[in-house]
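Numbered by the numbering used here, the letters in the sequence shown go through residues 115 to 187 in order.
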Amino acid sequence: MIFTTPRARFSFTTSRRGKRMISLNGYNYYQVRVNGRRSRWACSTHHRNGCRAAIKTVDDVIVFINEDHQGIH
Ligand SMILES: [Zn+2]
């Protein structure tokens, strides 16, 4: 499924381990926390480098995007 929001184009994918991920603007985000219908997703591409980029969703709808992939340089 491909979703288009005013700010970004993203899709839900599944990792090789079977976990849900979000692909957004060329970056992959993995689910780090679930709280009822709300989920928080963190950048998996640079996470080990302290990347702060993150996504929040409610009912699989993106309600917050932080695409700050800087700070890794
Ligand atoms: Zn990142």
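Yeah, the Cβ is synthetic: ideal placement off N, Cα and C, and Gly gets one too.
Asked	Found
Using only the alpha-carbon positions, how far apart do Thr159 and Met135 sit?	12 Å
Could you name the residues whose beta carbon sits closer than 6 Å to any heavy atom belonging to ligand 1, keeping them in chain order?	Tyr141, Cys157, Thr159, His160, Cys165, Ala167 and His183
Give the secondary structure of Ile186 by DSSP, where H, G and I count as helix, E and B as strand, and everything else as coil.	For Ile186, the predicted model reports a pLDDT of 49, less than 50, meaning its position is unreliable and no value from the coordinates is stated.
The beta strand (DSSP E) spanning Cys157 covers which residue range?	Arg152 to Cys157
In terms of residue numbering, what span does the beta strand (DSSP E) encompassing Arg130 cover?	Unbroken run through Arg130: none, as it is neither H nor E.
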